[in-house]
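All residue numbers for the sequence shown refer to the working numbering, where the first residue is 2 and numbers rise by one.
From the three backbone atoms N, C-alpha and C, an ideal C-beta is built for every residue, glycine too.
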Amino acid sequence: MAQVRYIVKDVDETVAFYTSRLGFHLDQQFGPAMAILSRDDLQLWVAGPLASASKPMPDGSQPKPGGWCRIVVSVDNIEDTVCCLKDDGVQFKNDILEGPGGKQTLCVDPSGNIVEIFQPN
């Protein structure tokens with residue numbers, strides 16, 4: 002099983018986003034510090050400000066949410082998925098693009114992390 006960690010602003014808000022909108026299941030939650038979510042063969046570890054993963058590094062740099070690295074959530078019908086997500090107020094970075102492998106677009110979770118919504122050909 003693949004595991005990815007996202008630094009988030011609010012663990013409860015992030016858990017609600019991924020479980021209610023993107024089909025993840027909550028496996029474990031450690032109060033406001035961290036939660037482990039799963040979807041198919043992916044575990045998403047979300048670490049809030051109280052988690053050890055969010056502590057400053059020895060050089061003073063601070064882990065923070067956002068950036069362009071992302072998880073990919075595969076769907077059967079990208080147009081319907083995007084429509085539902087937009088109806089729920091989810092923000093998108095771009096319109097649906099089509100490439101050689103399928104269609105994709107990028108949405109933003111409540112902490113500013115990018116999630117790719119992908120429909121393979």
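Please classify cysteine 108 as buried or exposed, where buried requires at least 16 neighbouring CB atoms within 10 angstroms.
buried
Aspartate 13 - DSSP class collapsed to helix/strand/coil:
helix
For arginine 22, collect the residues of the same chain with a Cβ closer than 7 Å to its Cβ; drop the 5 residues on either side in sequence, then sort them by chain order.
Leu86, Asp89, Val91
Nearest by alpha-carbon distance to proline 111: which of Val47, Gln29, Val83 is it?
Val47
Please report the straight-line C-alpha distance between asparagine 114 and valine 73, rounded to a whole angstrom.
12 Å
Reducing DSSP to helix, strand and coil, say where serine 39 ends up.
strand
Quick check: what's the CA-CA separation for alanine 34 versus aspartate 60?
23 Å
Return the CA-CA distance between proline 64 and alanine 52, expressed in angstroms with no decimal places.
11 Å
Cβ-based neighbour list, leucine 1, same chain, cut-off 8 Å, excluding 5 preceding and 5 following:
The structure shown does not extend to residue 1, since the chain spans only 2 to 122, so no value can be given for it.
C-beta contact flag for proline 66 and tyrosine 7 at 9 Å:
yes
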